[in-house]
Amino acid sequence: MRLISGFGVLLLACLAAFDAGALVLRGSLAQGGLVIGTVAPGAAVSLNGNPVRVAPDGRFVIGFGRDADVSQTLLVKTPDGKAETLSLSLEQREFQIERVDGLPPKTVTPPPEYYERRKIETGLVREARKVSSDLMDWAVGFQLPAKGRISGVYGSQRILNGEPRSPHYGLDVAAPTGTPVGAPAAGIVRLARPDFLLEGGIIIIDHGYGVSSTLMHLNSVDVGEGQMVAQGEPVGTLGATGRASGPHVDWRINWFNTRIDPALVVDDAFVSEVTK
Ligand SMILES: [Zn+2]
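So, in structure tokens, the structure goes:
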């Protein structure tokens, strides 16, 4: 059993001595972090007992939620039956408290007549994020969807119009309505809708292996479901549709249901390799 612990923004571990060949992890071993690993081709990986999809070349991706347990267990099994268990120790984060006032009341406490609509919308979002395609666009890094001021961060405890609510899971970039919004990484558009109740104009881009970007509050949605997009390609324009107090794009990253902090993947450090 090896213990890998990372405090600070980034932890990279290269275990060259591991019989299975080098296991390399890069990314943020932190709550909200996305981590890319490499094992010998043909090896099997599981995280806390759950199988993780491994690409033919040995690469895989895993993520940790805002409130993830700081102790995580990664198991690597090589095709010849050797197994090694790694204890990952995540950086424990502290999150801000964020007050947002002046939101349209129906978006803070949707009236009963909206329940049916929300059920349909959240179902569509869930389906879009469930996709595990063969794309590997998660491996090349991410860029901000728009130029502007960072007006909201991941993990903040939110108080909306004075009422405590669930945390905010996006990175908000504020800019004038109509500012172009680009794909944070290449992928396939799985959801493109102009008018969800809370999200407003919403686009979900599948980057492969369960990693997706969600872009919200768009003024216009200029791509269609099933369309392939390149990194940086304009997919819509920034706006204040849905539950928004001003024009911004709210960018989320998911690894399936797990919500990742986008700020941790735009860091240059995400794609650079450091050896421990
Ligand atoms: Zn937001």
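Numbering (our numbering), first residue to last: 93 to 368. Glycine included, C-beta positions come from ideal geometry on N, C-alpha and C.
Is the beta carbon of residue i less than 8 angstroms from the beta carbon of residue j?
i      : j      : result
LEU166 : LEU180 : yes
PHE234 : PRO354 : yes
SER224 : ARG145 : yes
TRP347 : GLY279 : no
GLU291 : GLY244 : no
ARG210 : PRO202 : yes
ALA277 : HIS299 : yes
ILE297 : ALA231 : no
GLY155 : LEU126 : yes
GLY124 : ARG185 : yes
PRO305 : ARG250 : Here the sequence assigns Ser to residue 305, which means Pro is not the residue at that position. Cβ atoms of SER305 and ARG250: not closer than 8 angstroms.
LEU307 : VAL357 : no
ASP188 : SER120 : Per the sequence shown, the amino acid found at residue 188 is Gln instead of Asp. Not a contact, by the Cβ cut-off of 8 angstroms.
Provide the residue span of the alpha helix (DSSP H) that contains residue i, from first to last.
i      : result
VAL217 : 207 to 222
PRO354 : 354 to 358
Leaving out the 5 sequence neighbours to the left and right, which residues in its chain are closer than 6 angstroms to residue i when beta-carbon positions are compared?
i      : result
THR271 : ALA238 and LEU330
VAL200 : LEU252 and ASN253
ARG351 : GLY157 and TYR261
PRO197 : none
ASN349 : none
LYS169 : ALA136 and ALA175
ASP359 : none
THR269 : ASN311, GLY331 and PRO339
PHE152 : GLY129, VAL137, VAL144 and VAL146
ALA220 : ARG282, LEU283 and ILE296
GLU317 : VAL281 and ALA284
GLN319 : VAL281
PRO171 : GLY134
Provide the residue(s) that pair with residue i in DSSP beta bridges, ordered along the chain.
i      : result
HIS340 : ALA266 and GLY331
PRO256 : ILE251
PRO143 : SER138
VAL281 : ILE297
PRO326 : GLY274
ARG241 : ALA266
ASN346 : SER304 and ARG351
The beta strand (DSSP E) with residue i in it runs from where to where?
i      : result
LYS198 : Not the beta strand (DSSP E): LYS198 falls in the alpha helix (DSSP H), residues 197 to 200.
SER225 : Unbroken run through SER225: none, as it is neither H nor E.
LEU126 : 126 to 130
THR177 : 175 to 181
LYS169 : 163 to 169
VAL232 : Segment: none, VAL232 is in no beta strand (DSSP E) and carries neither H nor E.
ASN311 : 303 to 313
PHE152 : 151 to 155
VAL245 : Run containing VAL245: none; DSSP gives neither H nor E here.
PRO272 : 272 to 274
LEU121 : Per DSSP, LEU121 belongs to no beta strand (DSSP E) and is neither H nor E.
GLU291 : GLU291 -> no beta strand (DSSP E), and no H or E assigned at all.
GLU190 : 189 to 192
Only counting the same chain, and skipping five residues up and downstream in sequence, which positions put a Cβ closer than 7 angstroms to that of residue i?
i      : result
GLU325 : GLY274 and ALA275
PHE110 : Because the pLDDT of PHE110 is 46, which lies under 50, any placement of that residue in the model is unreliable, and the question is left without a value.
GLU213 : PHE288 and LEU289
ARG195 : One detail in the question is off: residue 195 reads as Leu in this sequence, not Arg. Counting only Cβ-Cβ distances below 7 angstroms, and skipping sequence neighbours, we find LEU252, ASN253, ARG335 and SER337.
ASP149 : PRO133
MET93  : Any reading at MET93 must be qualified, since the residue scores a pLDDT of 45, below 50, and its modelled position is unreliable; the value itself is stated next. Contacts found: THR177 and SER179.
SER163 : SER179 and SER181
ASP226 : GLY300
ASN140 : GLN164 and THR165
PRO323 : Checking the displayed sequence, the identity of residue 323 turns out to be Gln instead of Pro. Within the same chain, GLN323 has close Cβ partners GLN235, ALA275, ALA277 and ALA278.
Excluding the five sequence neighbours on either side, which residues of its own chain have a C-beta within less than 8 angstroms of the C-beta of residue i, listed in chain order?
i      : result
LEU216 : LEU283 and ARG285
VAL315 : VAL281, ALA284, ILE295, VAL321, VAL327 and GLY328
GLU255 : VAL200 and THR201
ARG241 : VAL265, ALA266 and ALA267
PHE99  : In this prediction, PHE99 scores a pLDDT of 39, lower than 50, which makes its location untrustworthy; no coordinate-derived value is stated.
ASP159 : GLN123
Worksheet entry | Neighbourhood of ligand 1 [Cβ distance below 5 angstroms to any heavy atom], ordered by chain position | GLY244, GLY262, ASP264 and ASP342
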